[in-house]
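**Q** Sequential numbering from 5 applies to the sequence shown in this note's numbering. One structure, as structure tokens, below. Some questions next.
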Amino acid sequence: MVNLKSRTSIAVMLQLALIGCGPEGPSGHSDDPLQLHLAANDDGSLKQMTFNEQTLGNNDGSFEKLATEIKQFVWKNGKAEGSDLQIDISADQRLRFEFVHRAASLSAGRFDEKTASWSKRINDVRLINPAASQSTAVPHSFSIDVPFLPEPDYGMVGVPDVKVRLTANDDGSLEMLTIGRRRLGNDNQAIDGLNHEILKIIGEPGNPLVADIEVEIDADGVLRYQHVVEAIKACNGRLGNNGWVTYIEKIKFAGIGSSRGQDEFLHEIDLSIDVLETGPEKVPGIHLPLPVEPPK
């Protein structure tokens with residue numbers, strides 16, 4: 005027999021449990037990644053953008069809504085730069101890359117040159133790998149690096165980025181895939197060639213000498229997203245006998261985290277990569293030019 009006092013205590017505990025299972029309040033915090041999905045029409049245009057199950061639309065106003073939502077999450081998180089927030093971006097493969105790039109750029113935030121600070125920043129921006137739904141052996145997602153743009157150090161020249169360029173035909177198909185100055189083509193062999201060139205650059209998987217090397221992907225906006233994903237996978241690694249073999253983890257998109265004005269401000273040096281030359285005194289596969297004098 006349960007007395008009245010016991011039943012009252014049970015009722016209170018049930019109410020507290022229900023409150024704890026309810027939706028997060030305005031000032032609450034969740035460790036779950038933010039979810040953004042971009043659906044495409046058959047022609048590659050944006051059909052619908054959904055942020056945390058909230059439909060935002062498919063026009064410029066939708067991206068403004070997304071920027072507002074991200075800004076609010078950063079504020080609720082209590083971090084000026086949203087350093088412990090994550091966002092997972094998934095997109096239909098036929099979508100034009102311009103929409104994915106715009107969403108990733110808004111998520112990463114922007115750099116205010118006047119105040120020399122970031123705003124609306126999420127450090128952990130991840131692209132969900134469409135192939136992960138068919139195989140657990142491939143990575144679930146790929147992290148897109150969001151650079152901090154530190155003050156330049158003219159005393160030394162670091163390892164240059166690997167530049168990967170993807171140009172598109174009018175219909176969104178791949179017109180040409182290029183790494184450095186080498187043109188690889190526009191078919192599956194081109195993707196395999198990219199993977200091979202990346203391996204030549206790093207020498208071997210896990211090479212500590214190239215742990216800081218980074219791939220910068222520059223793709224035409226009209227390009228179908230599937231081609232960008234294929235390039236990311238080719239740069240990230242390959243599927244081996246014992247699972248996924250990682251080549252390069254740091255991958256970024258051109259134009260995210262910097263602008264033309266900031267590039268001029270930082271006096272970025274144009275470093276080239278020659279994937280054909282190697283030498284005993286060089287990092288495997290990487291050719292560095294002579295040091296450049298800092299601007300006066």
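Note that beta-carbon positions come from the ideal geometry of N, C-alpha and C, so glycine has one too.
With 16 as the cutoff for other CB atoms within 10 Å, does Leu213 come out buried or exposed?
**A** Here residue 213 refers to the residue found at position 209 of the sequence shown. By the 10 Å Cβ count, Leu213 comes out exposed.
**Q** Work out the CA separation of Ser147 and Leu99 for me, nearest whole Å.
**A** The residue you call residue 99 lines up with position 95 of the sequence shown. The residue you call residue 147 lines up with position 143 of the sequence shown. Using only the alpha carbons, I get a separation of about 19 Å.
**Q** Within a Cβ cutoff of 6 Å, which residues of the same chain sit near Val226, ignoring the five residues on either side of it in sequence?
**A** By 1-based counting over the sequence shown, the position of residue 226 is 222. The residues are Arg100, Ala172 and Gly176.
**Q** Excluding sequence positions up to five away, which residues of its chain have a Cβ less than 6 Å from the Cβ of Ile195?
**A** Walking along the sequence shown from the start, residue 195 turns up at place 191. Glu234 and Ala238, listed in sequence order.
**Q** Under a Cβ-count criterion, where at least 16 other Cβ atoms within 10 Å of its own Cβ denotes burial, should Leu243 be classed as buried or exposed?
**A** The residue you call residue 243 lines up with position 239 of the sequence shown. So Leu243 ends up on the exposed side.
**Q** Rounding to the nearest angstrom, what Cα-Cα distance links Ser137 and His231 in this structure?
**A** As a position in the sequence shown, residue 137 is number 133, starting the count at 1. As a position in the sequence shown, residue 231 is number 227, starting the count at 1. Across the structure, Ser137 and His231 are spaced so that their CA atoms are roughly 18 Å apart.
**Q** In the DSSP assignment, find the unbroken alpha helix (DSSP H) run with His144 in it and report its ends.
**A** Residue mapping note: residue 144 aligns to position 140 of the sequence shown, counting from 1. Unbroken run through His144: none, as it is neither H nor E.
**Q** May I have the straight-line CA-CA distance separating Val104 from Asp36, to the nearest angstrom?
**A** Here the question's residue 104 lines up with position 100 in the sequence shown. Here the question's residue 36 lines up with position 32 in the sequence shown. Distance from the CA of Val104 to the CA of Asp36, rounded to the nearest whole angstrom, comes to 21 Å.
**Q** Just the C-alpha distance for Asp174 and Asp224, rounded to the nearest angstrom, thanks.
**A** By one-based count along the sequence shown, residue 174 stands at place 170. By one-based count along the sequence shown, residue 224 stands at place 220. Each residue's alpha carbon lies about 10 Å from the other.
**Q** What does the alpha-carbon distance come out to for the pair Thr54 and Asp216?
**A** On the sequence shown, residue 54 is found 50 positions in, with the first residue counted as 1. On the sequence shown, residue 216 is found 212 positions in, with the first residue counted as 1. The straight-line gap from Cα to Cα measures roughly 34 Å.
**Q** Should Ile255 and Ile205 be called a contact, given that it needs their Cβ atoms to be closer than 8 Å?
**A** Working through the sequence shown from its first residue, we reach residue 255 at position 251. Working through the sequence shown from its first residue, we reach residue 205 at position 201. No, these two residues do not count as a Cβ contact at 8 Å.
**Q** Have a look at Glu179 and Ala107 and give me their C-alpha separation to the nearest angstrom.
**A** What you label residue 179 is simply residue 175 of the sequence shown in a count that begins at 1. What you label residue 107 is simply residue 103 of the sequence shown in a count that begins at 1. Rounded to the nearest angstrom, the gap between the Cα atoms of Glu179 and Ala107 is 24 Å.
**Q** Helix, strand or coil for Gln58, going by three-state DSSP, please let me know.
**A** Along the sequence shown, one-based indexing puts residue 58 at 54. In the three-state reduction of the DSSP assignment, Gln58 falls in the strand class, which pools E and B.
**Q** What's the call for Asp96, buried or exposed, on a 16-neighbour Cβ count within 10 Å?
**A** Here residue 96 is taken as the residue at index 92 of the sequence shown, counted from 1. Buried, since its Cβ has 16 or more Cβ neighbours within 10 Å.
**Q** In whole angstroms, what is the alpha-carbon distance linking Leu60 and Glu208?
**A** Mapped onto the sequence shown, residue 60 falls at position 56. Mapped onto the sequence shown, residue 208 falls at position 204. The straight-line gap from Cα to Cα measures roughly 44 Å.
**Q** Looking at C-alpha atoms only, which residue of Ala135, Asp46, Tyr229 and Asp88 is the closest neighbour of Leu129?
**A** The residue labelled residue 129 in the question sits at position 125 within the sequence shown. In the sequence as displayed, the identity of residue 129 is Val instead of Leu. The closest CA to that of Val129, considering only Ala135, Asp46, Tyr229 and Asp88, is found on Asp88.
**Q** Between Gln193 and Glu201, what straight-line distance do the alpha-carbon atoms span, to the nearest angstrom?
**A** Counted from its first residue, the sequence shown places residue 193 at position 189. Counted from its first residue, the sequence shown places residue 201 at position 197. Rounded to the nearest whole angstrom, the CA to CA distance from Gln193 to Glu201 is 12 Å.
**Q** What runs of the alpha helix (DSSP H), each 4 residues or longer, lie entirely inside the region 171-259?
**A** Counting whole runs of 4 or more residues, the region 171-259 contains the alpha helix (DSSP H) stretches 192-206 and 229-240.
**Q** Short check: CB of Val150 to CB of Ala112, under 8 Å?
**A** Position 146 of the sequence shown holds residue 150. Position 108 of the sequence shown holds residue 112. Against a cut-off of 8 Å, the Cβ pair of Ala112 and Val150 comes out as a contact.
**Q** What beta strand (DSSP E) runs, 3 residues minimum, are completely inside the region 73-102?
**A** 90-95
**Q** Considering Arg130, what are the terminal residues of the beta strand (DSSP E) in which it resides?
**A** By one-based count along the sequence shown, residue 130 stands at place 126. Per DSSP, Arg130 belongs to the beta strand (DSSP E) from Asp128 to Ile132.
**Q** So, with DSSP's three-state summary, where would you put Arg106?
**A** Taking the sequence shown and counting its residues from 1, one reaches residue 106 at position 102. Of the three classes helix, strand and coil, the one that applies to Arg106 here is helix, per DSSP.
**Q** Straight-line CA distance for Arg186 to Phe77?
**A** Residue mapping note: residue 186 aligns to position 182 of the sequence shown, counting from 1. Residue mapping note: residue 77 aligns to position 73 of the sequence shown, counting from 1. About 42 Å.
**Q** Could you tell me the distance, in whole angstroms, from the CA atom of Gly184 to the CA atom of Leu170?
**A** Locating residue 184 in the sequence shown gives position 180, counting from the first residue. Locating residue 170 in the sequence shown gives position 166, counting from the first residue. Cα-Cα distance, rounded: 11 Å.
**Q** Return the Cβ separation of Leu38 and Gln90 in integer angstroms, given the expectation that the two are a contact with Cβ distance under 8 Å.
**A** Within the sequence shown, residue 38 is the residue found at index 34, counting from 1. Within the sequence shown, residue 90 is the residue found at index 86, counting from 1. So it is a contact: roughly 7 Å between Cβ atoms.
**Q** What residue range is occupied by the uninterrupted beta strand (DSSP E) comprising Ala367?
**A** Residue 367 lies beyond the stretch modelled for the chain, which goes from 5 to 300, so this question has no answer here.
**Q** Under the rule that 16 or more other beta-carbon atoms within 10 Å means buried, what is Gly63, buried or exposed?
**A** Looking up residue 63 in the sequence shown gives position 59. Here residue 63 turns out to be Asn, not Gly, going by the sequence shown. It is exposed - the Cβ of Asn63 has fewer than 16 other Cβ atoms within 10 Å.
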